[in-house]
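Worksheet: one structure, shown below.
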Amino acid sequence: MSITTANIEEVALSLPADSRARLATKLVDSLDSVDESAALRDARVLELRRRMSKIASGEAEFVNEAAAFERVDTILAR
């Protein structure tokens with residue numbers, strides 16, 4: 007059986023929020039081979055940590071793609 011991105015995604019999304027945040031950090035860090043300035047990388051890491059903190063504290067929550075687009079549509083319709 008081969009592992010697909012969809013399989014990994016399904017398992018990753020079933021993890022607790024703190025585990026997903028840790029995984030997200032590792033995945034983003036793995037993109038460091040992409041050419042970017044140190045300032046941009048630092049800003050990206052700072053923003054990721056801010057978001058992880060909000061998720062860990064319960065101030066923010068993960069939503070699925072459909073819910074996210076529904077929220078955007080609602081905001082844009084105002």
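Start counting the sequence shown at 7; every next residue gets the next number (the working numbering).
Backbone N, C-alpha and C define an ideal beta-carbon position, used for all residues, glycine too.
Annotation: A62 to A23 spans about 6 Å, alpha carbon to alpha carbon. For F75, the enclosing alpha helix (DSSP H) stretches over residues E71 to L82. Relative to E71, the option among T31, D79 and G64 whose CA is nearest is D79. Each of G64, E65, D35 and V69 was checked against the Cα of L54, and the nearest Cα belongs to D35.
A Cβ-Cβ distance of about 14 Å is found for the pair A18 and M58, leaving them out of contact under the 8 Å criterion.
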